[in-house]
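Note sheet for the following structure.
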Amino acid sequence: MNPYVLATLLSSLGLGTTLTFASSHWLLAWMGLEINTLAIVPLMAQHHHPRAVEATTKYFLTQATAAAVILFASTTNAWTTGEWDMTNMSNPTATAMILAALALKIGLAPMHFWMPEVLQGLDLLTGLILSTWQKLAPLALIIQTAQAFDPLLLSALGLMSTLVGGWGGLNQTQLRKILAYSSIAHMGWMIIVLQYAPQLTLLALLMYVLMTSAAFLTLKFSSATKINTLATTWSKSPVLTTTAALVLLSLGGLPPLTGFMPKWFILQELAKQGLPLTATVMALAALISLYFYLRLCYTMTLTISPNTTTSTTPWRTQATQNSLPLALSTVMALGLLPITPTIMMLVT
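Using numbering that gives the first Met the number 0, read the sequence shown as starting at 0 and increasing by one per residue.
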């Protein structure tokens with residue numbers, strides 16, 4: 000892609016998200032979401048592969064539907080209240096519609112069906128943008144308007160997303176689909192605690208972005224998109240294979256890795272709010288997710304690729320990509336647990 004075009008699209012992505020962050024007016028927020036969607040569509044379709052075009056079309060249709068519902072709901076709210084301000088959401092129908100549309104935007108269950116299919120058709124770097132940056136603007140809107148939403152509805156969305164994210168990833172062999180279901184499960188963790196401690200939602204989002212970036216960049220570095228290609232990585236780059244296995248366990252939320260911190264805080268907050276049953280279900284759903292991360296770790300570290308493989312031999316070519324972002328995100332995805340007391344002081 001032409002560097003000038005790429006720079007324009009990436010700056011538009013930044014502009015759309017920033018506009019949504021800064022707005023307290025529904026029309027401006029909607030405009031930011033639209034700029035965001037239109038900026039990523041050419042990035043998704045840049046390879047002209049039928050799968051990429053199909054994924055782009057699916058993504059565009061779902062995002063356009065969500066944007067239309069947001070516009071309709073905010074207009075309905077403005078019709079009844081007389082203002083477009085986000086803080087004044089007194090129409091229950093409009094509020095429910097906006098939550099449904101924003102859930103569709105970020106891929107919360109049961110509006111998650113587009114997410115694995117779209118991610119599967121993209122290359123890993125565009126998939127990384129879709130899994131991290133594209134979640135920020137809708138999540139910011141959900142956090143801003145959280146007090147207007149029905150707490151029971153938020154809890155149901157959160158629980159369903161963690162369960163669907165766990166169950167959906169069990170049967171997958173494609174790494175991008177596994178990461179998509181992982182994303183759905185993590186979104187569920189963020190939504191479940193939103194009504195009690197929004198700062199924990201932000202913490203979980205930050206940790207999710209770090210861990211997902213490390214996972215996607217590792218796969219990009221080793222050019223792996225299927226589970227069976229992971230079995231050949233240990234002979235090419237043993238250190239990268241070790242850190243990749245640890246990053247996956249961090250995504251699963253195992254101590255002493257970074258991913259344990261947000262889960263620990265969220266379960267503690269749920270117990271503090273008198274919801275032990277919800278906390279138990281969330282912890283059990285995390286175990287289901289952990290199974291497929293362990294499956295990937297097992298394939299990477301404990302299996303030898305069969306000699307009669309049908310895939311082309313991955314030769315040791317000189318790596319041309321910059322490894323600094325991968326190194327930084329991996330270190331942060333693995334080693335931030337010791338600063339938990341500091342974070343505890345900030346969020347409580």
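Backbone N, C-alpha and C define an ideal beta-carbon position, used for all residues, glycine too.
Query: Considering only DSSP beta bridges, list what residue 84 is partnered with.; Result: 24
Query: Assuming residue 105 and residue 134 form a contact by the criterion Cβ under 8 Å, report the distance between their Cβ atoms to the nearest whole angstrom.; Result: 5 Å
Query: List the whole-angstrom C-beta distance separating residue 69 from residue 97, where the pair is believed to meet the contact cut-off of C-beta under 8 Å.; Result: 6 Å
Query: To the nearest whole angstrom, what separates the beta carbons of residue 183 and residue 158, a pair I think is in contact under 8 Å?; Result: Actually they are not in contact, since the Cβ atoms of residue 183 and residue 158 sit about 12 Å apart, beyond 8 Å.
Query: Under the rule that 16 or more other beta-carbon atoms within 10 Å means buried, what is residue 25, buried or exposed?; Result: buried
Query: Is the segment 72 to 84 touching the segment 2 to 20 in the sense that three or more CB pairs, one from each, lie closer than 8 Å?; Result: no
Query: Can at least three beta-carbon pairs, one atom from the segment 120 to 131 and one from the segment 198 to 212, be found at a separation below 8 Å?; Result: yes
Query: Confirm, please, whether the CB-CB distance from residue 206 to residue 258 is below 8 Å.; Result: yes
Query: Is the separation between the beta-carbon of residue 246 and that of residue 228 shorter than 8 Å?; Result: no
Query: Please check the pair residue 236 and residue 222, which I expect to be a contact at CB under 8 Å, by giving their CB distance rounded to whole angstroms.; Result: Actually they do not touch by this definition, with Cβ atoms about 11 Å apart.
Query: Name the residue from 107, 244, 114, 11 whose alpha carbon lies nearest to the alpha carbon of residue 162.; Result: 107
Query: From 27, 63, 23, pick the residue whose C-alpha is nearest to that of residue 40; which is it?; Result: 63
Query: Since residue 34 contacts residue 11 with CB under 8 Å, what's their CB separation in whole angstroms?; Result: 6 Å
Query: Does DSSP put residue 173 in a helix, a strand or coil?; Result: strand
Query: From what residue to what residue does the alpha helix (DSSP H) around residue 334 run?; Result: 323 to 334
Query: Taking the C-alpha atoms as reference points, what is the distance between residue 51 and residue 36?; Result: 16 Å
Query: Hey, out of 197, 95, 101, whose CA is closest to residue 148's CA?; Result: 95
Query: From the DSSP output, read off the bridge partner residues of residue 134.; Result: Residue 134 pairs with nothing; no bridge assigned.
Query: State the Cα-Cα distance for the pair residue 56 and residue 0, rounded to the nearest angstrom.; Result: 20 Å
Query: Short of 8 Å in beta carbon distance, which residues of its chain neighbour residue 284, apart from the five on each side in sequence? Order them along the chain.; Result: 158, 161, 162, 164, 165, 184, 187
Query: Check whether the Cβ atoms of residue 54 and residue 123 sit closer than 8 Å, and answer yes or no.; Result: no
Query: Would you list the residues sitting across from residue 225 in a DSSP beta bridge?; Result: 173
Query: Do residue 292 and residue 333 have their C-beta atoms within less than 8 Å of each other?; Result: no
Query: From residue 7 to residue 48, what does the alpha carbon distance come to, in whole angstroms?; Result: 23 Å
Query: Nearest CA to the CA of residue 151: which residue from 325, 274, 294, 296?; Result: 274
Query: In the DSSP assignment, find the alpha helix (DSSP H) that holds residue 291 and state where it starts and stops.; Result: 275 to 301
Query: Whole-angstrom Cβ separation of residue 80 and residue 89, contact assumed at under 8 Å?; Result: 6 Å
Query: Anyone know if the C-beta pair for residue 208 and residue 131 falls short of 8 Å?; Result: yes
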